[in-house]
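Everything below concerns the one structure shown next.
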Amino acid sequence: MKELNLQVAAREAFGRRNAGRLRASGQIPAVLYGPSGNQALQVKESDLRNLMRTMGDSVAFVRVQKGNNTTLSMVKEIVRDSCSDRFVHVDFQEISQKAEADFTVPIHTTGEAVGVKNESGILELVMHEIHVHCLPSNLPSSIDIDVSGLHVGDAIHIKELPAFPGVTFSGDLDSVVVSCSAPKIEAESTEDVAEDGEETAAEDDTKAKASEEAEEASKE
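Position in the sequence shown counted from 1, then plus 3, gives you our numbering.
Encoded structure:
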């Protein structure tokens, strides 16, 4: 499990206008939530960007350093501007190493499913993350699933995920995490064939009816 460091400073000014000024100066408003109270902070935008780049798609602990005080935490929420994608606000949650807690862990797949490679199947990751309960020291940075053995029609459920010591998966253990399904184009092709068959049959009926009418006319 990664442990990353982040330098922060106390935030003295509050309100939307002050927050805008803070961002204009290259600082991002932040809050550290903890059992002993919440702390208003500010962090350099460049430092926060580097932190998120290093974390990538995995979970990591963040050692929030304010002066001589260091608090073990995790990123709780990050708000970005919908147009510029720049950081607007970040929240951190203090973590106790001695207490079990609920965490959210990303799910990654490895390998190429045989159903995709040889059977024209489609791999569908139904769950991109999963909730777990454990001590912080037992928390995996991600759940990696080997899908190479999946054929079309196969699926992997929560109860079949790799086991981690001291980690309990939350939710319905029969829930599907990833599956390999038949391509939708096959279903569409079947419908097209059926429609073509119906059109051909209709054309044959029309020709047969015309032939009968012509035959009756010749008899008259």
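Glycine included, C-beta positions come from ideal geometry on N, C-alpha and C.
In terms of residues, what are the limits of the alpha helix (DSSP H) holding residue i?
i	result
ASP5	It is worth fixing the name first, because residue 5 is Lys in this sequence and not Asp. That residue, LYS5, is in no alpha helix (DSSP H); its beta strand (DSSP E) goes 5 to 10.
ARG24	19 to 27
For residue i, I'd like the list of residues in its chain whose CB is within less than 7 angstroms of its CB, leaving aside the five on either flank, ordered along the chain.
i	result
PHE167	ASN141 and PRO143
GLU122	HIS154 and VAL155
Quick one: using the 10 Å Cβ neighbour count with 16 as the cut-off for buried, is residue i buried or exposed?
i	result
GLN10	exposed
GLY118	buried
ALA33	buried
GLY70	exposed
GLU6	exposed
SER76	buried
LEU176	exposed
ALA27	exposed
GLY124	buried
ALA116	buried
SER182	buried
CYS137	buried
Could you work out which residue in the options is closest to residue i when comparing CA atoms only?
i	options	result
LYS101	GLU6, PRO139 and ASN72	PRO139
PHE95	LYS120, ASP84, GLN68 and ASP88	GLN68
Per DSSP, what kind of secondary structure is residue i in: helix, strand or coil?
i	result
LEU138	coil
CYS72	Correcting the residue type first, residue 72 is Asn in the shown sequence and not Cys. It is a strand residue.
ARG66	strand
ARG14	coil
MET55	helix
GLU80	strand
Cutting at 6 angstroms between CB atoms, please list the residues of its own chain near residue i, excluding the five before and the five after it.
i	result
GLY114	ASP149, VAL150 and SER151
ALA22	PRO32
ALA190	Reliability of the predicted coordinates at ALA190 is poor, the pLDDT of 49 falling under 50, and the value obtained from them is presented with this limitation in mind. Counting only Cβ-Cβ distances below 6 angstroms, and skipping sequence neighbours, we find nothing.
Leaving out five residues before and five after residue i in sequence, what residues of the same chain have Cβ atoms less than 8 angstroms from its Cβ?
i	result
ILE133	THR107, VAL108, ILE110, ILE146, ILE161, LEU164, PHE172, SER173, GLY174 and VAL180
GLY29	LYS47, GLU48 and SER49
GLY18	none
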